[in-house]
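S.K.:
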Amino acid sequence: MGALVEIRSLSKVYERGRQRIEVLHHIDMDVQEGDFVALMGPSGSGKTTLLNLIGGLDSPTEGSLTVAGERIERLTQGQLARWRAAHVGFVFQFYNLLPMLSAQRNVELPLLLTKLASKERRRNASVALQLVGLADRATHKPGELSGGQQQRVAIARAIVSDPTLLVCDEPTGDLDRQSAEDVLGLLQELNREHGKTIIMVTHDPKAAEHAGRTLHLDKGTLVGGEQVAA
Amino acid sequence: MKYLHLVWAALRRRKVRTGLTLLSIVVAFLLFGLLESVNSVFGEAGHTVGSAHRLITISRTGLFTPMPISLEAQIRAVPGVEAVTGYTFFGGSYQNPKQVIGSMFAVGRNFFSLYPELKVAPAALRQFDATQTGAIVGAALAQRYHWKVGEQIPIKAMIYPRKGGSYTWTFDLVGIYHARSPFEEQDFLLRLRYFNEAAAFGNNRVGLFVEKIGNPQGASGVAAAIDALSNNSGHETKTQSDSAFAVDFLSQFVDIGLIMHAIMGAVFFTLMLLTGNTMAQAVRERTGELAVLKTLGFTNGTVLSLVLAESVLLVVLGGALGLGAAALAVHLLQHQIGAALPMMPVGGAIWLRGGTLMLLIGLLVGALPARRGMRLRIVDALAGR
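Those sequence lines, one after another, are chains D and R. Heads up, the first sequence is in my numbering, so the first residue is 1477 and it goes up one at a time. Heads up, the second sequence is in my numbering, so the first residue is 942 and it goes up one at a time.
1. Which chain D residues sit within Cβ distance under 9 Å of residue 1320 of chain R?
2. Per DSSP, residue 1515 of chain D is paired with what?
3. Check the Cβ-Cβ distances between residue 1505 of chain D and every residue of chain R, and say whether any is below 9 Å.
4. Please return the same chain residues whose Cβ sits closer than 6 Å to the Cβ of residue 1543 of chain D, not counting the five positions on each side in sequence.
5. Scan the region 1130–1184 of chain R and note each continuous alpha helix (DSSP H) run of 4 residues or more that stays entirely inside, going in chain order.
6. At 4 residues or longer, and completely inside the region 1053–1131 of chain R: list those alpha helix (DSSP H) runs for me, N to C.
7. What residues in its chain sit with their C-beta under 6 Å from that of residue 1656 of chain D, if we drop five residues either side in the sequence?
8. Could you tell me the alpha carbon to alpha carbon distance between residue 1515 of chain D and residue 1644 of chain D, rounded to whole angstroms?
9. Use the C-beta contact count for residue 1699 of chain D: other C-beta atoms within 10 angstroms, 16 or more gives buried, fewer gives exposed.
10. Kindly give me the distance between the Cβ atoms of residue 1238 of chain R and residue 1560 of chain D, rounded to whole angstroms, as I take these residues to be in contact under 8 Å.
11. Residues in the region 1579–1590 of chain D with C-beta within 8 Å of chain R's C-beta atoms, listed in sequence order?
12. Taking 9 Å as the CB-CB limit, is residue 1287 of chain R close to chain D?
13. Pull up the distance between the alpha-carbon of residue 989 of chain R and that of residue 1019 of chain R, whole angstroms please.
14. Out of D:1551, D:1618, D:1609, D:1673, point me to the one whose CA is closest to residue 1573 of chain D's CA.
15. Taking a cut of 7 Å between CB atoms, which residues from the region 1544–1565 of chain D lie near chain R?
16. Nearest-angstrom Cα distance between residue 1155 of chain R and residue 1266 of chain R?
17. Could you name the residues of the same chain whose beta carbon sits closer than 7 Å to that of residue 1687 of chain D, not counting the 5 residues immediately before and after it, in chain order?
18. On the DSSP letters alone, give me the boundaries of the beta strand (DSSP E) that residue 1502 of chain D sits inside.
19. Helix, strand or coil for residue 1652 of chain D? Go by DSSP, reduced to three states.
20. Might you give, ordered along the chain, the residues of its own chain that have their beta carbon closer than 8 Å to the beta carbon of residue 1201 of chain R, omitting 5 neighbours on each side?
21. Taking 9 Å as the threshold (C-beta atoms), are residue 1621 of chain D and residue 1613 of chain D in contact?
22. Leaving out five residues before and five after residue 1554 of chain D in sequence, what residues of the same chain have Cβ atoms less than 6 Å from its Cβ?
23. Should the region 1108–1127 of chain R be regarded as contacting the region 1148–1166 of chain R, the criterion being three or more beta carbon pairs within less than 8 Å?
24. Could you check if residue 1220 of chain R is buried or exposed, using at least 16 other CB atoms within 10 Å of its CB as the buried criterion?
25. Step through the CB atoms of chain D and report whether any lies within less than 9 Å of the CB of residue 1086 of chain R.
26. For residue 897 of chain R, which three-state DSSP category applies?
27. Between which two residues does the beta strand (DSSP E) carrying residue 1643 of chain D extend?
28. Quick check: the Cα distance between residue 1370 of chain R and residue 945 of chain R, rounded to an integer number of angstroms?
29. If we define contact as Cβ-Cβ less than 9 Å, is residue 1576 of chain D a contact residue for chain R?
30. Going by DSSP, which residues form a beta bridge with residue 1488 of chain D?
31. Taking DSSP as the reference, what is the three-state secondary structure of residue 1483 of chain D?
32. Is the region 1133–1141 of chain R close to the region 995–1008 of chain R, with three or more CB pairs under 8 Å?
33. Nearest to residue 1186 of chain R by CA position, among R:1150, R:1231, R:1247, is which residue?
34. Under 8 Å Cβ-Cβ, which residues of chain D neighbour residue 1208 of chain R?
35. Quick one, which residues of the region 1201–1230 of chain R are near chain D if we go by CB-CB under 8 Å, in chain order?
36. In chain R, which residues lie less than 9 Å from residue 1572 of chain D when you measure between Cβ atoms?
Here it is in structure tokens:
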């Protein structure tokens, strides 16, 4: 059986006027189903770019990117949007919740793209909020929640439609140590107990310790061997 | 409908800005409703007053040039003419100069037989015939001044003094006529015969003749024959259909429609700039949020629709409140001033035109911001670029 994510000779080049910036050089990488992978590296190493490509937010310049058997670099914008809705849950450093909506409504957002009835959407969102320990904060707006709570709402939003893959970009980058530990513990639980495949970009070696394995990027290339968690 | 809460949340994001924009839309559509209500009266004039069986003859040099009453007998002899009456503008005010009765005419005894849509009791007509100083007024006008049959009504003439120099004419109200709309119930009618006898000048001359014709298909031929009677005389005439006359009459004073549309054009142009700016700001501020929606899988088309829906909802909400306020204002004014108010109720046709305008403005002002939202690149927007 193949890997859940198969990356072959993946390159990404940005062109800014006459300048050509090669951010990723011929990356080869596999992520198995149920993996929790931490992507580390210095700023500008291409971590977020790689994560964006895996999440279908951007298109590679060269190479192939197969996720759950789908060559996503071949998809059109519209197909990619639908693919993201079905297969990827996103967690960002700054939570990126919609400030005017309650926690419940924020979590329901991905479900608006499904055929679920309103009652089912509400029920699923409640279950997701319960899973992240925020059932009692469902009616609160993001501004009424702490950073750690907001990130947990964002995780609930990421998992509510039961995606194939969770991609997390510095999910603890804006949190204090305790909140960061809570969020990482939650991701670990989702990985271990619910079998979620997670790819997480982080600067923080302590955060990376929660992952099953760690990959290092430097100047757009994967370097060194993998560090596998004990 | 499942996205409605998203659209609503976006509008509530900046309550003060949305409120002020909404207020400007309300005011614009209030103005639209009031002006359309006035405009409808003039539009109505061309339609309801007109009868295919009536022709109107005026002096070729204009409505205010009188013609000799002797022409009436010649017109009556024109083949195709079944009846004819002459009448002349009188004009005066009641009690004080501000209470002008603009639609006041000295009419021939068969006037009502040429206007069968004006309903008056036969007894009142007989009384009108028998009373030298008799007058019949429209129901809306009578209601406005609380006039009752049998009352004496002193009128200060605007143009014609009585023989002896007094401008005060006293009329005996002998009847009240009813018509299809309050707009047609504004006339004050006195006897032409009395006017000819009592006026210091202007006697035996009329402002216009009304002809009843048997066959509307032959109207142009009859009109030409009537005008031929006075060819090369000092009082050449112009005969046209009743409807054409009504439209000409109004447009010779001012092109009401043009003025209304010019005002509304300016108002809506300003409104579009204002609302367009609000929408552009709203979308610019929410670039990150729109990028998040696209990240979650909302397609470009859905994002476009959400922004368009937001702008349409804003304009429709404000527009409906504005038109509603206009409807209420017209209702209250009519209640206060009476049917003499030259305004039609804000009815279905105005709501339909207003609704179409709301949709159009909503789509137009939302188009550019929606396109911007649709085209934003997720990675750039999330990175704040």
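Beta carbons are placed, not taken as given, at the ideal position from N, Cα and C, and that holds for glycine. Quick caveat: nothing in here was measured; it's all calculated off a predicted structure.
M.R.: By the coordinates alone:
1. Indexing the second sequence from 1 puts residue 1320 of chain R at position 379. Within chain D, the residues near residue 1320 of chain R are 1524, 1525, 1528, 1533, 1534.
2. The sequence position of residue 1515 of chain D within the first sequence is 39, counting from 1. D:1677, D:1691, per the DSSP bridge assignment.
3. Position 29 of the first sequence, counted from the start, is the residue given in the question as residue 1505 of chain D. By this cut-off, residue 1505 of chain D is not an interface position.
4. Translated into positions along the first sequence, residue 1543 of chain D becomes position 67. For residue 1543 of chain D, where only same-chain residues beyond five positions count, the Cβ hits under 6 Å are 1481.
5. 1133–1139, 1160–1170
6. If we require 4 residues or more, the alpha helix (DSSP H) runs fully inside the region 1053–1131 of chain R come out as 1063–1071, 1080–1086.
7. Counting from one through the first sequence, the residue named residue 1656 of chain D turns up at place 180. Around residue 1656 of chain D: 1648.
8. The residue labelled residue 1515 of chain D in the question sits at position 39 within the first sequence. The residue labelled residue 1644 of chain D in the question sits at position 168 within the first sequence. Using only the alpha carbons, I get a separation of about 10 Å.
9. On the first sequence, residue 1699 of chain D is found 223 positions in, with the first residue counted as 1. Classification of residue 1699 of chain D: exposed, given that the 10 Å Cβ count is below 16.
10. Within the second sequence, residue 1238 of chain R is the residue found at index 297, counting from 1. Within the first sequence, residue 1560 of chain D is the residue found at index 84, counting from 1. Between residue 1560 of chain D and residue 1238 of chain R the Cβ distance is about 5 Å, and since that is below 8 Å, they are a contact.
11. 1581, 1585, 1586, 1588, 1589
12. Along the second sequence, one-based indexing puts residue 1287 of chain R at 346. No, no contact with chain D.
13. Within the second sequence, numbered from 1, the residue matching residue 989 of chain R stands at position 48. Within the second sequence, numbered from 1, the residue matching residue 1019 of chain R stands at position 78. The predicted position of residue 989 of chain R is uncertain, since its pLDDT is 49 and thus under 50; a value taken from the coordinates is nonetheless stated next. Annotation: residue 989 of chain R to residue 1019 of chain R spans about 27 Å, alpha carbon to alpha carbon.
14. Counted from its first residue, the first sequence places residue 1573 of chain D at position 97. Measuring from the Cα of residue 1573 of chain D, the nearest candidate turns out to be D:1618.
15. 1553, 1554, 1557, 1558, 1560, 1561
16. Position 214 of the second sequence, counted from the start, is the residue given in the question as residue 1155 of chain R. Position 325 of the second sequence, counted from the start, is the residue given in the question as residue 1266 of chain R. Roughly 47 Å between the two C-alpha positions.
17. Mapped onto the first sequence, residue 1687 of chain D falls at position 211. Here the set comprises 1512, 1513, 1514, 1676, 1705.
18. Here residue 1502 of chain D refers to the residue found at position 26 when the first sequence is read from its first residue. Here the beta strand (DSSP E) through residue 1502 of chain D covers 1495–1507.
19. By 1-based counting over the first sequence, the position of residue 1652 of chain D is 176. Residue state, collapsed to three classes: coil.
20. Start at 1 with the first residue of the second sequence, and residue 1201 of chain R comes out as number 260. Excluding positions up to five away in sequence, the list reads 976, 977, 979, 980.
21. Taking the first residue of the first sequence as position 1, residue 1613 of chain D is located at position 137. Taking the first residue of the first sequence as position 1, residue 1621 of chain D is located at position 145. Contact: yes.
22. Translated into positions along the first sequence, residue 1554 of chain D becomes position 78. Excluding sequence neighbours, residue 1554 of chain D sits near nothing in its chain.
23. No, because fewer than three Cβ pairs between the region 1108–1127 of chain R and the region 1148–1166 of chain R fall closer than 8 Å, the two stretches do not touch.
24. In the second sequence, residue 1220 of chain R corresponds to position 279, counting from 1. Result: buried.
25. As a working mapping, residue 1086 of chain R is identified with position 145 in the second sequence. Output row for residue 1086 of chain R: interface = no.
26. Because chain R in this structure spans residues 942 to 1326, residue 897 of chain R falls outside the shown range and cannot be described.
27. Looking up residue 1643 of chain D in the first sequence gives position 167. From DSSP, the beta strand (DSSP E) with residue 1643 of chain D extends over 1641–1645.
28. Shown here, chain R extends from 942 to 1326; a query on residue 1370 of chain R therefore has no answer.
29. Here residue 1576 of chain D refers to the residue found at position 100 when the first sequence is read from its first residue. Closer than 9 Å: yes.
30. Along the first sequence, read from residue 1 onward, the residue named residue 1488 of chain D stands at position 12. In the DSSP output, where bridge partners are listed per residue, residue 1488 of chain D has D:1500.
31. Translated into the one-based positions of the first sequence, residue 1483 of chain D becomes position 7. Strand at residue 1483 of chain D.
32. no
33. The sequence position of residue 1186 of chain R within the second sequence is 245, counting from 1. Cα-wise, what sits closest to residue 1186 of chain R is R:1150.
34. Indexing the second sequence from 1 puts residue 1208 of chain R at position 267. What residue 1208 of chain R touches in chain D: nothing, since even the nearest Cβ is about 31 Å away.
35. 1229, 1230
36. Position 96 of the first sequence, counted from the first residue, corresponds to residue 1572 of chain D. The contacting residues are 1229, 1230, 1232, 1233, 1236, 1323.
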